[in-house]
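Student: Read top to bottom, the protein sequences are chains A and B. If you number the first sequence the way numbering that gives the first Met the number 0 does, the last residue is 191 and the count never jumps. If you number the second sequence the way numbering that gives the first Met the number 0 does, the last residue is 205 and the count never jumps. Structure in structure tokens, see below.
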Amino acid sequence: MEHKLPDLPYPKDALAPLISAETIDYHYGKHHQAYVNNVNKLIVGTEYANMALEDIIRKAGGDIFNNAAQVFNHTFYWNCLKPGGGGQPSGGLEAALEESFGGVETFKEVFIKTAVIWFGSGWVWLIQKSSGGLDILAGPNACCPVAEGYRPLLTCDVWEHAYYIDYRNARPKYVEAFWSLINWDFVQKNLG
Amino acid sequence: MTHILPKLAYSYDALEPYIDTQTMTIHHSKHHQAYVNNLNAALEKYPELQKMSAEELIRNLGQVPEDIHMAVRNNGGGHVNHTFFWEILRKGSPSRGEVIDAINDKFGGFHAFKEQFSKAAAARFGSGWGWLVVDNGNLEVMSTPNQDSPLTIGKTPILGIDVWEHAYYLKYQNRRPEYIEAFFNVINWEKVNSLYLQAKKASVAA
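Here it is, written out as structure tokens:
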């Protein structure tokens, strides 16, 4: 089956000035699109040709995994953000964060610190384990919780292409901006 | 000893238009500086290790204590790789010398080498480096993730291209292959040649 670049959930200038339209142009229009194109090209004539994206991520390795996971990760990332986002997690999510991290503030500190110090290209996730507990998962390149059997709740892309146009080497500033754009309703909805 | 950011042998605009001034400025004064600072911070509690050069640390990573192993691998590697990178860049250096003969012999012509090197650099998924190394006297193309250095596995780099996005994003954005193509205009072949001869001599001596 052909994988498609999903529509952005908001106009490309909607996150400006924190994440600029130019960044989205490249990040969504070029990088995300390239992962979609690559996965479509790579699966032709393989056992993955008719598989759903998440099944490919669970089963494939190498280039096919990298590109499939990057398609999933970026779609998920766009949904984690919204114009006028931010605020505080509430309800069941707040309770789950309190139980697993001892409080929303502690979770925030750990998540931000993990995203700031992750070395090289990668992703930082808030995930839910099969036991129901929440945890932070950080990994290189196309790191994807789906491959590890975890339920993804929130993600921050720390590849330099996510922030270099707007923040250059200042990753902490980008992570702070990311935090203030989080769509907590989406995160809550992902909770099992 | 305290590790310090080396001065460049040329100005930030010397590699224009292939590598732009702004990229060079941030790459050297921010990224490289951060590796140096973080390496010094990691070594603070280990006066013995402070006596070693960054290159010695990277060659002997196995001897670095567990609690600072990753910090030294990443930041020591970042320091060594960038110091090396600045030295093998120069505009207008003709591709000649024994290294070119060796490349032609090994890869079946310069074009074939360029293709193999470019492919290795383009295919490195995520942040990392593409390399031409000398391994037991033989030339080899390889790549490493993040700031891992061929020195750690006993290979001697004589040419390297930084393919972290920070090395090219301001000018080339997602077009890494264009950056790799441009890189071939700013290789300091005189330096690469001398590194090649040095590595060759060392492998004969060993």
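Even for Gly, the Cβ is constructed at its ideal location relative to N, Cα and C. For clarity, every value in this text was computed on a predicted model and none was experimentally measured.
Can you give, in chain order, each stretch of the alpha helix (DSSP H) that sits fully within the region 120-172 of chain B and has at least 4 residues?
Tutor: With a minimum length of 4 residues, the continuous alpha helix (DSSP H) runs that stay inside the region 120-172 of chain B are 168-171.
Student: Looking at the C-beta of A/S120, does it have a partner C-beta in chain B at a distance below 9 Å?
Tutor: Yes, A/S120 counts as interfacial toward chain B.
Student: I want to verify the contact list: residues of chain A whose CB lies under 9 Å from the CB of B/K29, in sequence order.
Tutor: Within chain A, the residues near B/K29 are R167, N168, A169.
Student: Would you mind working out which of A/K3, A/D24, A/Y9 sits nearest A/H160, comparing C-alpha positions?
Tutor: Out of A/K3, A/D24, A/Y9, A/D24 has the C-alpha closest to the C-alpha of A/H160.
Student: Check for me: the beta strand (DSSP E) holding A/Q127 runs from which residue to which?
Tutor: That run of the beta strand (DSSP E) goes 121-127.
Student: Considering A/G61, what are the terminal residues of the alpha helix (DSSP H) in which it resides?
Tutor: Run containing A/G61: 61-79, per the alpha helix (DSSP H) assignment.
Student: Does the beta carbon of A/P139 come closer than 9 Å to any beta carbon on chain B?
Tutor: Yes - at least one Cβ of chain B is within 9 Å of the one on A/P139.
Student: Span of the alpha helix (DSSP H) holding B/E77?
Tutor: Checking the displayed sequence, the identity of residue 77 of chain B turns out to be Gly instead of Glu. Element bounds for B/G77: 76-86.
Student: Is it right to say B/K154 is buried, meaning 16 or more other beta carbons lie within 10 angstroms of its own, or is it exposed?
Tutor: Buried is the call here.
Student: Taking B/V140 as the reference, which of B/P156, B/L150, B/S126 has the closest Cα?
Tutor: For the residues B/P156, B/L150, B/S126, the minimum Cα distance to B/V140 belongs to B/P156.
Student: List, in chain order, every chain A residue whose beta-carbon is nearer than 8 Å to that of B/N173.
Tutor: Simply Y25, K29, H30, A33, H160.
Student: Which same chain residues end up closer than 8 Å to A/L180 when comparing Cβ atoms and leaving out the 5 residues on each side of it in sequence?
Tutor: Once the five neighbours on either side are set aside, the close Cβ partners of A/L180 are L14, L17, I18, L80, K81, P82, G84, G85.
Student: Need the endpoints of the beta strand (DSSP E) that A/D156 sits in, please.
Tutor: Taken as a continuous stretch (DSSP letters only), the beta strand (DSSP E) holding A/D156 covers 150-156.
Student: What does A/G91 pair with, by DSSP beta-bridge criteria?
Tutor: For A/G91, which the question treats as bridged, DSSP gives no partner whatsoever.
Student: Give the range of the beta strand (DSSP E) segment to which A/A137 is assigned.
Tutor: Its beta strand (DSSP E) spans residues 133-139.
Student: If the criterion is Cβ atoms closer than 9 Å, does the pair A/W77 and A/P10 meet it?
Tutor: Their beta carbons are not under 9 Å apart, which means A/W77 does not touch A/P10 by this criterion.
Student: Could you tell me whether the Cβ atoms of B/Q146 and B/R72 are closer together than 9 Å?
Tutor: For B/Q146 and B/R72, yes; Cβs fall inside 9 Å.
Student: Any beta-carbon of chain A closer than 9 Å to the one on B/E43?
Tutor: No, no contact with chain A.
Student: Mind listing the chain B neighbours of A/Y163? Cutoff is C-beta to C-beta under 8 Å, in chain order.
Tutor: Within chain B, the residues near A/Y163 are E164, H165, Y168, L169.
Student: Listing by chain order, which chain A residues have their CB less than 7 Å from the CB of B/F124?
Tutor: Ordered by position in chain A, the residues that pass the 7 Å Cβ test against B/F124 are N65, N140.
Student: Using a Cβ cut-off of 9 Å, pull out every chain A residue sitting near B/I25, in sequence order please.
Tutor: Residues of chain A passing the Cβ test: R167, N168.
Student: Please classify B/Q62 as buried or exposed, where buried requires at least 16 neighbouring CB atoms within 10 angstroms.
Tutor: It is exposed - the Cβ of B/Q62 has fewer than 16 other Cβ atoms within 10 Å.
Student: From A/N36 to A/V43, what does the alpha carbon distance come to, in whole angstroms?
Tutor: Roughly 11 Å separates the two Cα atoms.
Student: Assuming A/W117 is part of the alpha helix (DSSP H), what are its boundary residues?
Tutor: Careful: A/W117 lies outside any alpha helix (DSSP H) and carries neither H nor E.
Student: If you draw a straight line from the alpha carbon of A/Y173 to that of A/C155, how long is it in whole angstroms?
Tutor: C-alpha separation (whole angstroms): 10 Å.
Student: Going straight from the alpha carbon of B/I160 to that of A/T105, what length do you get?
Tutor: Their backbone Cα atoms lie some 40 Å apart in a straight line.
Student: Between B/V191 and B/E86, what straight-line distance do the alpha-carbon atoms span, to the nearest angstrom?
Tutor: Approximately 9 Å, taken between the alpha carbons.
Student: Within its chain, find whatever has a CB closer than 6 Å to the CB of B/K105; leave out the 5 residues flanking it on each side and keep chain order.
Tutor: So the qualifying residues of the chain are L138.
Student: Hey, how far is the Cα of A/G102 from the Cα of A/L41?
Tutor: C-alpha separation (whole angstroms): 43 Å.
Student: Would you list the residues sitting across from B/I25 in a DSSP beta bridge?
Tutor: Per DSSP, none; premise fails for B/I25.
Student: Name, going along the chain, the residues of the region 50-77 of chain B whose beta-carbon falls closer than 7 Å to a beta-carbon of chain A.
Tutor: Per Cβ criterion, the list reads N73.
Student: Could you give the DSSP three-state label for B/I186: helix, strand or coil?
Tutor: It is a strand residue.
Student: Thinking C-beta only, is B/N80 closer than 9 Å to B/S148?
Tutor: In contact: B/S148 and B/N80 (Cβ atoms closer than 9 Å).
Student: Hey, quick one: how far does the alpha helix (DSSP H) through B/D19 stretch, first residue to last?
Tutor: From DSSP, B/D19 is part of no alpha helix (DSSP H); its letter is neither H nor E.
Student: Taking only the alpha-carbon atoms, compute the straight-line gap between B/L60 and A/N49 and give it to the nearest angstrom.
Tutor: Their Cα atoms are separated by approximately 45 Å.
Student: Per DSSP, which one or two residues make a beta bridge with A/I181?
Tutor: The partner list for A/I181 (beta bridge, DSSP) reads A/L80.
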